[in-house]
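Undergrad: Quick one: the structure is below, and I'll ask about it shortly.
Residue numbers (my numbering): 1 to 145.
Structure, rendered in C-alpha cells:
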C-alpha cells in the first residue's frame, strides 16, 4: 500500500486521477470506488445514490452522486459498461465510503463494454503514484491529520 501525504493508495488498482477513482478489474467485471484522497477532500459522506443495475454508464459520465457535509456532486466513471451491482451497504451507511474506501466502501460494479479500450486511460503502479503526488501537490493538499 502506497501512502502519499497521508492518503493510502493500494498498488493493485487502476486509477483515474482526474475523476478521483480507483478501479479493480475482476474477470468480466470492474469494481469502482473513491480514493482516500477524494474522501479526505469531501469529508464525511451523508448520502450515496448510485445508478441501478441494468443501467448503462458511459466514460466520463455520472455513475453515482454523493453528498457530504461540504460537497455534493457526481461520481464520474472512467469505464463504460452495464451496472451489475451496487454497494447497498454504502447506500444505507454512506460513511462506510470514508471508513473503508478500498474494500467495504466500494461504489458500483460494471460489466465493461470494452475493457481494453477503457484501460488505456487508466494508470497503475508507479505511474499512478507519481500522478497522485503531482495532483495532490498541484491542489495544495497539505495531507491528512
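For glycine and all other residues, C-beta sits at the position ideal for the given N, C-alpha and C.
#1: Based on Cα-Cα distance, which residue from 78, 49, 48 and 68 lies nearest to residue 61?
#2: Tell me whether the region 89–104 and the region 116–129 touch, counting them as touching only if at least three CB pairs, one residue from each stretch, are closer than 8 Å.
#3: In this structure, does DSSP put residue 58 in helix, strand or coil?
#4: Taking only beta-carbon positions, decide if residue 8 is within less than 8 Å of chain C.
#5: Apply the 10 Å Cβ neighbour rule to residue 1 and answer buried if 16 or more other Cβ atoms are within range, or exposed otherwise.
#6: Look at residue 42 and residue 75 and say whether their C-beta atoms are less than 8 Å apart.
#7: Using the Cβ count rule (16 or more neighbours within 10 Å means buried), how would you classify residue 64?
#8: Going by DSSP in three states, residue 30 sits in which element: helix, strand or coil?
#9: Taking the C-alpha atoms as reference points, what is the distance between residue 86 and residue 40?
#10: If residue 34 sits next to residue 112, beta carbons under 8 Å apart, how far is it from one beta carbon to the other, in whole angstroms?
TA: On the basis of the supplied data:
#1: By one-based count along the chain shown, residue 61 stands at place 61. When each option's Cα is compared against that of residue 61, the closest is 78.
#2: no
#3: In the chain shown, counting from the first residue as 1, residue 58 sits at position 58. Coil, per DSSP.
#4: The structure shown contains no chain C; it holds only a single protein chain.
#5: Numbered from its first residue, the chain shown carries residue 1 at position 1. Result: exposed.
#6: For the purposes of this step, residue 42 is identified with residue 42 of the chain shown, where counting begins at 1. For the purposes of this step, residue 75 is identified with residue 75 of the chain shown, where counting begins at 1. Their beta carbons are not under 8 Å apart, which means residue 42 does not touch residue 75 by this criterion.
#7: To locate residue 64, count along the chain shown from 1; it is residue 64. It is buried - the Cβ of residue 64 has at least 16 other Cβ atoms within 10 Å.
#8: What you label residue 30 is simply residue 30 of the chain shown in a count that begins at 1. In the structure shown, residue 30 sits in a strand (DSSP, three-state: E or B).
#9: Mapped onto the chain shown, residue 86 falls at position 86. Mapped onto the chain shown, residue 40 falls at position 40. Looking at the two C-alpha atoms, the distance is approximately 22 Å.
#10: Looking up residue 34 in the chain shown gives position 34. Looking up residue 112 in the chain shown gives position 112. Actually they do not touch by this definition, with Cβ atoms about 19 Å apart.
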